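Protein chains: 2
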Amino acid sequence: MKNKTEFKRSACAIANTLDILGDKWTLLVVRDLYLGKKTYSEFQNSPEKIPTNILAERLKRLESAGIISKQSYQPRPIRYAYQLTQKGEALEAVLKEMVIWGNKFIPDTISLERVEKLVDRQKRKKLLSD
Amino acid sequence: MKNKTEFKRSACAIANTLDILGDKWTLLVVRDLYLGKKTYSEFQNSPEKIPTNILAERLKRLESAGIISKQSYQPRPIRYAYQLTQKGEALEAVLKEMVIWGNKFIPDTISLERVEKLVDRQKRKKLLSD
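Listed below in structure tokens is the structure:
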């Protein structure tokens, strides 16, 4: 016989999803990964300016939840590149529905694609100014 | 000329959505309203057992964000019944994608429909035991 799963609050899929993702920052890190950002400093350079302690804690939480994985790309000091797993990629649908809702009901907010273009423009600007 | 909108963190639709809904409880209250619950005590009786101070704060926040509206149904002491506005109803798509993701990636979690049936069963049980 299967053991009964122990849930933190209830068996509801929404409650359990919020236990992992329910805060103001975690889905912004997922958004950044979805947009192709990979490194700690790239996440920190996003317009929301995530505090460094929150970023470190969220990356750990996302990794232990199996939403992201990391690979070192530099040994001393060690640096990691992060990427979404299949479980993380599947959050695209949640992100997109939030964009649709935000665009419809919060004036002047911009879409993922628009954020992506702005990110590119900033990168180009940076390249030009370097 | 239109004034530039001032955003709390950025113009990103996801960031602004999370500024309203990004915590472990707010979307559970929206879920309850979506399932037909209307009163303070109905929200408190949900399996997650939302603390009363958090519930009061979230109802205020949801009302000031235009996601819910309230009507008094009893004068002394005053009691309110809450319902989703059109803006609140539109969160259905976000809730559903969270259910799909949770059901797929968090073992043994149950869907909105299943929660709804459980709620009904609890109501029937309560009726029978009253």
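Residue numbers (this note's numbering), protein chains in the order written: chain P, 25 to 154; chain E, 25 to 154.
Glycine included, each C-beta is placed from N, C-alpha and C at the ideal position.
Source: prediction; values computed, not measured.
Burial state of residue i, where buried means 16 or more other Cβ atoms lie within 10 Å
i        : result
P/Ala80  : exposed
P/Asn40  : buried
E/Gly126 : buried
P/Glu72  : buried
E/Arg100 : exposed
Candidates the options, of which the one nearest residue i by Cα
i        : options                              : result
P/Gly112 : E/Thr29, E/Asn77, E/Lys128, E/Leu83  : E/Lys128
E/Ser96  : E/Thr63, E/Arg82, E/Ile78, E/Trp49   : E/Thr63
E/Leu86  : E/Pro131, E/Glu30, E/Gln110, E/Thr29 : E/Gln110
P/Pro131 : E/Ala89, E/Ile130, E/Pro99, E/Leu108 : E/Ala89
P/Asp47  : P/Ala114, P/Leu108, P/Arg82, P/Lys94 : P/Arg82
Residues near residue i in its chain [Cβ-Cβ closer than 6 angstroms; skip 5 each side]
i       : result
E/Leu51 : Leu45
P/Arg33 : Ala39
P/Asp43 : Lys32
P/Thr29 : none
P/Lys94 : Tyr104, Tyr106
E/Met25 : In this prediction, E/Met25 scores a pLDDT of 46, lower than 50, which makes its location untrustworthy; no coordinate-derived value is stated.
P/Ser70 : Asp56
E/Trp49 : Ile74, Ile78, Arg82
CB-CB length for residue i against residue j, believed under 8 angstroms
i        : j        : result
E/Thr133 : P/Cys36  : 7 angstroms
P/Glu116 : P/Tyr58  : 6 angstroms
P/Ile92  : P/Tyr106 : 5 angstroms
P/Ile78  : P/Phe67  : Actually they are not in contact, since the Cβ atoms of P/Ile78 and P/Phe67 sit about 10 angstroms apart, beyond 8 angstroms.
Residue i Cβ short of 7 angstroms to the ligand NAD heavy atom set
i       : result
E/Leu59 : This structure simply doesn't include the ligand NAD, nor any ligand for that matter.
Spatial neighbours of residue i in its chain, beta-carbon cut-off 8 angstroms, leaving aside the 5 residues before and after
i        : result
P/Arg103 : Thr63, Tyr64, Ser96, Tyr97
Residues of its chain near residue i, where Cβ-Cβ distance is below 7 angstroms and the 5 sequence neighbours each way are ignored
i       : result
E/Lys61 : Phe67
Could you name each continuous beta strand (DSSP E) segment of 3 residues or more that falls completely within the region 47–132 of chain P, going from the start of the chain to the end?
Within the region 47–132 of chain P, the complete beta strand (DSSP E) runs of at least 3 residues are 92–98, 103–108.
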